[in-house]
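Below is one structure, written out as structure tokens, with a few remarks after it.
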Amino acid sequence: MTDLVLPLVILGVLIFGMIRRVSVYDVFLEGAKKGLQSAVNVLPCLVGMLAFIALLVKSGALAAFAGWCAPVLRRLGIPEGALPVLMIRPFSGSAALAMLDETFRLYGPDSVEGRTASVIMGSSETIFYTLPLYFAAAKVKRSRYAIPAALIAWLAGGIASAWALRIL
Amino acid sequence: MMNWIWAGMAAVGIIWGLITGQQASLTQGVLQGAVDAVALCVKLAGGFALWSGLLAILEQCGAVERLAKAAEPLLRRLFPGAGLAARQSIAMNMIANMFGLGNAATPQGLDAMRRMGLESSSDIATDAMCMFLVINASSIQLFPTTVIAMRAAAGSAAPASIVSATLISSGVSTLVGIAACLIMRNALWRRRV
Numbered sequence: 001m002t003d004l005v006l007p008l009v010i011l012g013v014l015i016f017g018m019i020r021r022v023s024v025y026d027v028f029l030e031g032a033k034k035g036l037q038s039a040v041n042v043l044p045c046l047v048g049m050l051a052f053i054a055l056l057v058k059s060g061a062l063a064a065f066a067g068w069c070a071p072v073l074r075r076l077g078i079p080e081g082a083l084p085v086l087m088i089r090p091f092s093g094s095a096a097l098a099m100l101d102e103t104f105r106l107y108g109p110d111s112v113e114g115r116t117a118s119v120i121m122g123s124s125e126t127i128f129y130t131l132p133l134y135f136a137a138a139k140v141k142r143s144r145y146a147i148p149a150a151l152i153a154w155l156a157g158g159i160a161s162a163w164a165l166r167i168l
Numbered sequence: 169m170m171n172w173i174w175a176g177m178a179a180v181g182i183i184w185g186l187i188t189g190q191q192a193s194l195t196q197g198v199l200q201g202a203v204d205a206v207a208l209c210v211k212l213a214g215g216f217a218l219w220s221g222l223l224a225i226l227e228q229c230g231a232v233e234r235l236a237k238a239a240e241p242l243l244r245r246l247f248p249g250a251g252l253a254a255r256q257s258i259a260m261n262m263i264a265n266m267f268g269l270g271n272a273a274t275p276q277g278l279d280a281m282r283r284m285g286l287e288s289s290s291d292i293a294t295d296a297m298c299m300f301l302v303i304n305a306s307s308i309q310l311f312p313t314t315v316i317a318m319r320a321a322a323g324s325a326a327p328a329s330i331v332s333a334t335l336i337s338s339g340v341s342t343l344v345g346i347a348a349c350l351i352m353r354n355a356l357w358r359r360r361v
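What follows is the structure, encoded as structure tokens:
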């Protein structure tokens, strides 16, 4: 189904554009240029964040932190096997996917752990990557309550993941 | 806050790594992270360019404007102070996100932030920016394609069985995020201009 979305969207946009007599090719080039610029603009921020997130992951500090949080999160109903995915999710999308695969290997994709980890994966975004990136685009230095609020939402999503599976 | 988080991540990682004797993987990891960032940017750039181009066509058609107008009551309430152009980018970003088109969503989101930044012309985040980012960070994807594909690859008997639970949990996290923004905006981080 998702393989259909992209081709159909492209076709629809082009047909729509031709009907409205937009010079589709010229406008596309203009927009594509802006897209490339925004990719280049985020690069410095991307390097800064990914390099230091790698330090957190490779040193094992994040895994240790997850271990300390385990007792509390277990109280809230999240199975221990799903914790690595939950803890790494705000930092790195690709590392969380790798951790999800590891969870599947250890517990199986249809176990409580595997299912909870799957839901957690889709309930939240990479906070420490998205927020700095977007704030850099707005040239904002003081982010006020954005990060605490995002972390509260992330925790709520984690707890909701475990409970939603239990209820359904 | 970004200064502290960024420096804090490095400090915690480095100190923990040195205590546990992981100098080699620290060195290798930080360099690899920087290289990965450039590789990711190159990978993203193609998708960004393609989607920004297609969306520019839609914008010329006036479709984006109409769409944003339809969502106007909601947008206005959630993002007070954001201008018309910024609200249009926000609307496009959210729709792309719902359909799991991350490559289309990100340039629109960056555009929205850039516009809001120009409007406020200060280096302090506005309430609209915070709300937009928290909603973005709490994920509003309707169909988690990647996770389903991974579950299928891992031999799950029912790969798509997590869809409804994912909807609920991402809905809860989005609502909690919005509530957290509203509470913190009024109680703790009142903006002083």
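Chains as they are written, first to last, in this note's numbering: chain A, 1 to 168; chain B, 169 to 361. Positions of the beta carbon are idealized from the N, C-alpha and C atoms, including for glycine.
- Contact between V198(B) and L55(A) holds, since their C-beta atoms are separated by about 5 Å, short of 8 Å.
- In this structure, P275(B) sits away from S118(A), with a CB-CB distance that is not shorter than 8 Å.
- With respect to chain B, the C-beta atom of M99(A) has no partner C-beta closer than 8 Å.
- In the three-state scheme derived from DSSP, where H, G and I count as helix and E and B as strand, R20(A) is classed as coil.
- Taking C-alpha positions only, I10(A) is separated from Q200(B) by approximately 35 Å.
- Contact between the segment 29 to 38 of chain A and the segment 212 to 223 of chain B is present: 3 or more CB-CB pairs across the two stretches fall below 8 Å.
- Burial check for A238(B): the Cβ neighbour count within 10 Å stays below 16, so the residue is exposed.
- Taking a C-beta distance under 8 Å as the contact criterion, M170(B) and A138(A) do not qualify as a contact pair.
- Secondary structure of R89(A) (DSSP, three-state): coil.
- At a beta-carbon threshold of 7 Å, none of the residues of chain A lie near S257(B); the nearest stands roughly 11 Å away.
- According to DSSP, residue pairing for I292(B) in a beta bridge involves R142(A).
- Proximity of chain A to N304(B) at the Cβ level (cut-off 8 Å) is accounted for by E125, T130, Y134, in chain order.
- At a C-beta separation below 7 Å, R282(B) has these neighbours in chain A: A137, A138.
- The Cβ-Cβ distance between F128(A) and F91(A) falls below 8 Å.
- Boundaries of the alpha helix (DSSP H) around Q228(B): 191 to 229.
- In the structure shown, the three-state DSSP call for P71(A) is helix.
- By the Cβ neighbour-count rule, A348(B) is buried, with 16 or more other Cβ atoms within 10 Å of its own.
- Using a Cβ-Cβ cut-off of 7 Å, V198(B) is close to A51, A54, L55 of chain A, given in chain order.
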